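Engineer: In this note's numbering, the protein residues as written are 1 to 941. Every residue gets a Cβ at the ideal spot worked out from N, C-alpha and C, and that includes glycine. Owing to the predicted nature of the structure, the values given are computational and were not obtained by experimental measurement.
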């Protein structure tokens, strides 16, 4: 099942059939849920998207009806089997869709991947794949409202960006004809988009078609004049001036009457080394009818003052702080700010991110960079939403703004409402920038929004401020950690280039330990700069100690812990308790069930607290009900609650045991649990369910580091009865990836089992460790464990455990060429298994006997054991085991000269392996077919 928004909104089945979505409003409901996939969407937000500000009285009833119809449609077509669910969250809904099933996500993923490639050929191929996902204008078939129009516009902007980046890749390859082709198609669809026209002009010139480029400029100039009376902007005029024989008239056509690099220019506007015009210079806005017009980021500010605007003399206010010294990087964020402030009248952009992420530095840097676009002034206020001192009240800020705008003290209205009204009137028609820094909530911001369509407002906050997005169409710009290259550049900007060049490996390690957090990097750089004896390598070594890391990243009143502490201080109580419980967590990811176990609450309460922590950027959402926990945040949670809840560790380990049992049952259906729960184990409020083997194995792989941390936590806490179980219950993934460095973890199993005084557990742990050592090519070490395992199992009276131990011991003996001893161990294992072990252990004994006899050329005996194993291995026994048995049967039958029967068994093995994505088993069966001369190609039916 696939979801499409890049064109007509559609849902397609695996057979390529479009589901009947019904009327435009139902399609629009789906569109809004898909645009905000995997996040909650309130009923009010849906209503605004369908009816703008004039929703009917029965809007909720209509929406419920559309939701119900969509749910019925999804249920009919088994959407849940594809990980799709339309869930209710109070008065809101969330459409859970695996990202890979949404074309917009795949498009963005390919676009981002293309940007990581250095070879233009690879870049072009990825961008072509991304653009091939488009099937028309975004969100077709939906109602024409502001919200859906804005969403479609955002997607269309990304498409045009991809087009220009594809043209740039073609230009780097020297294929200027292809660059012209892709740009011409886009420019034809958006004839008033100046950045496309400018890029096309450059491509035409490089293709030796300068006359066509000049003709395009003149044609676009006429269209702009007819459409809005505007002259070409800097992007277009500069591209024209760069043409052979372009002429100076292009320069005189700039909006500010000067050079294209003058105050009217939003960026450099120049031709880069690749010859492609800067894509960040102008934004193309697509109308509901599909037409487009160009608008420079600053062009919204150049309109004449409306006749009804306030005409009082206004001072050119400038409350902006100085630039942040050493600011570097953030090119993507700066370009996103340019776009966010260019598309709508009175744009409101919102930079959000965690403590120390550099939100204020970015806002101030952008404001200085764009200062010429705001001739009527720049207002700035620190609202102190997350500060040790009380937050600023709205009345005092309004007074400060009015004074800065030239209103005399005795002319300021006495009431807050009067001040707000005067402020809005005074800013109408003015080209003004308002920066509201460090806002805690939407209510703190709204009274300070200017009244004019020509003003730009920039808000920074540690909170998502969803309310501001809903009520004032704020465009959120989440700020992520700096990538490694920008982190290194920041270190160099503060320390100088030489220290970073001198210790490149230490610099890279320091960047990793600071997790790309600008505040942490600046503190680390300051610690080195002010302590000459402390080099990059020494500080990186010190930061590697988790016990000291936060201490080392604090200087006086500046530091990571202080910044995080202010964020946590302002959390509501349930979220604060949840945050402090994160210190016990052992991994970098967290889901609702794990959080509920940590905090000792219900999954519903955990989900609410986690969402609040994510809103404060203390967690990063990674999917439905799953989050990433950065190390610095987790370390602070640990230090913030040094005593904490003494039962949290036990609850967490109990949660992992229950989850691991469920995962093992799904990964190896029909298998018996390798252990029972220890006495006194608590039952978690919710245990994760696994759909199938693939789902369980994917979970094992994703949580591997977290589970390793859980084992270490159990050992440190002296909970050895938990520790060895946490090791053994990972056996499905261990057997599946036996050569993937499991030994250090597995060595903890026998130790903890011995500490717990459980010989049966020791036997199973040594048997599993021995098997992995065999797979790693370390048979001598394997034997030291495997030779002890049978006796330990016998001492515990564990018949099944002894059978498994002897099977694994036989494998080690066979590796040493001791085939007779190996056969004896396998025969003994079969007797034990048939006496009192589960059927799966009997099957395993037959499998290894069949393998042994094939390897020694005793084909009739091998065929008999393979046949017995297959008779016991009917579903739900795992498919990989059946594949191995069929392959062994085929090899044995071939050895007996029964070629036709052998081919039939091997073909069945290939079919079953392919059906269950068991690549190793399929490869082995095909190899056996090839050896028979039956080929390893398509399976014969």
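#1: Taking just the CA atoms, how far does residue 626 sit from residue 383?
#2: Could you tell me whether any non-hydrogen atom of the ligand COA is closer than 8 Å to the CB of residue 775?
#3: Check whether the Cβ of residue 864 lies closer than 9 Å to any Cβ atom in chain C.
#4: When burial is assigned at 16 or more other CB atoms within 10 Å of the CB, is residue 522 buried or exposed?
#5: Would the stretch 423-432 and the stretch 448-458 be scored as touching if the rule is three or more Cβ pairs under 8 Å?
#6: For the stretch 345-391, list the alpha helix (DSSP H) runs that are entirely contained and at least 4 residues long, ordered along the chain.
#7: Quick one, are the C-beta atoms of residue 601 and residue 553 less than 9 Å apart?
#8: So who's on the other strand from residue 621, going by DSSP bridges?
#9: Who pairs with residue 318 in a beta bridge, going by DSSP?
#10: Buried or exposed: which applies to residue 795, given that a residue is buried once 16 or more other Cβ atoms fall within 10 Å of its Cβ?
#11: List in chain order: all unbroken alpha helix (DSSP H) runs of 4+ residues lying wholly within the stretch 701-728.
#12: DSSP three-state label for residue 405, please.
#13: Expressed to the nearest angstrom, what Euclidean distance is found between the alpha-carbon atoms of residue 6 and residue 161?
#14: Return the CA-CA distance between residue 459 and residue 75, expressed in angstroms with no decimal places.
#15: If I'm right that residue 183 touches residue 200 with Cβ under 8 Å, what's the distance once you round it to whole angstroms?
#16: Would you please state the rounded distance, in angstroms, between the beta carbons of residue 204 and residue 197? I believe it to be under 8 Å.
#17: In three-state terms, what does DSSP make of residue 823?
#18: Measure the C-alpha to C-alpha separation of residue 926 and residue 700 and round it to an integer number of angstroms.
#19: Report all residues from its chain with a CB closer than 7 Å to the CB of residue 839; omit the five preceding and five following residues, and keep chain order.
#20: Secondary structure at residue 87, three-state DSSP: helix, strand or coil?
#21: Out of curiosity, what's the CA-to-CA distance linking residue 313 and residue 434?
#22: Just checking my contact of residue 756 with residue 721 at CB under 8 Å: how many whole Å lie between their CB atoms?
#23: Between the C-alpha atoms of residue 381 and residue 579, what's the straight-line distance to the nearest angstrom?
#24: Hey, out of 80, 918 and 43, whose CA is closest to residue 90's CA?
#25: Can you tell me whether residue 896 is buried or exposed, with buried defined as 16 or more other CB within 10 angstroms of its CB?
#26: Can you tell me the Cα-Cα spacing of residue 803 and residue 672, whole angstroms?
#27: Could you say if the stretch 470-485 and the stretch 341-361 meet the contact criterion of at least three C-beta pairs nearer than 8 Å?
#28: Might you give, ordered along the chain, the residues of its own chain that have their beta carbon closer than 8 Å to the beta carbon of residue 409, omitting 5 neighbours on each side?
#29: Determine the direct distance from the alpha carbon of residue 64 to that of residue 368, and round the result to whole angstroms.
#30: Do residue 746 and residue 769 have their beta-carbon atoms positioned less than 9 Å apart in this structure?
#31: Name the DSSP beta bridge partners of residue 140, please?
#32: Of the residues 441, 130 and 517, which one's Cα is nearest the Cα of residue 158?
#33: Taking contact to mean at least 3 C-beta pairs separated by less than 8 Å, is the stretch 540-551 in contact with the stretch 657-675?
#34: DSSP state of residue 18, grouped into three classes?
#35: Just curious, the alpha helix (DSSP H) that residue 240 is in, first and last residue?
#36: Could you tell me which of 29, 374, 35 and 40 sits nearest to residue 47, measuring between CA atoms?
Structural biologist: Short version:
#1: 32 Å
#2: No copy of the ligand COA occurs in the structure displayed, which carries no ligand at all.
#3: Absent from the structure: chain C. Only one protein chain is present.
#4: buried
#5: yes
#6: 359-369
#7: no
#8: 627
#9: 378
#10: exposed
#11: Runs found: 704-716 and 720-728.
#12: coil
#13: 15 Å
#14: 42 Å
#15: 4 Å
#16: That pair is no contact at about 10 Å.
#17: helix
#18: 29 Å
#19: Within the same chain, residue 839 has close Cβ partners 872.
#20: strand
#21: Low confidence applies to residue 313: its pLDDT is 41, below 50, so where it sits in the model is not reliable, and the reading given next is rough at best. One C-alpha to the other measures close to 19 Å.
#22: 5 Å
#23: Looking at the backbone, the Cα of residue 381 and that of residue 579 are separated by about 30 Å.
#24: The candidate whose alpha carbon is nearest that of residue 90 is 43.
#25: exposed
#26: 14 Å
#27: yes
#28: 403
#29: 48 Å
#30: yes
#31: 8
#32: 130
#33: no
#34: strand
#35: 234-241
#36: Measuring from the Cα of residue 47, the nearest candidate turns out to be 29.
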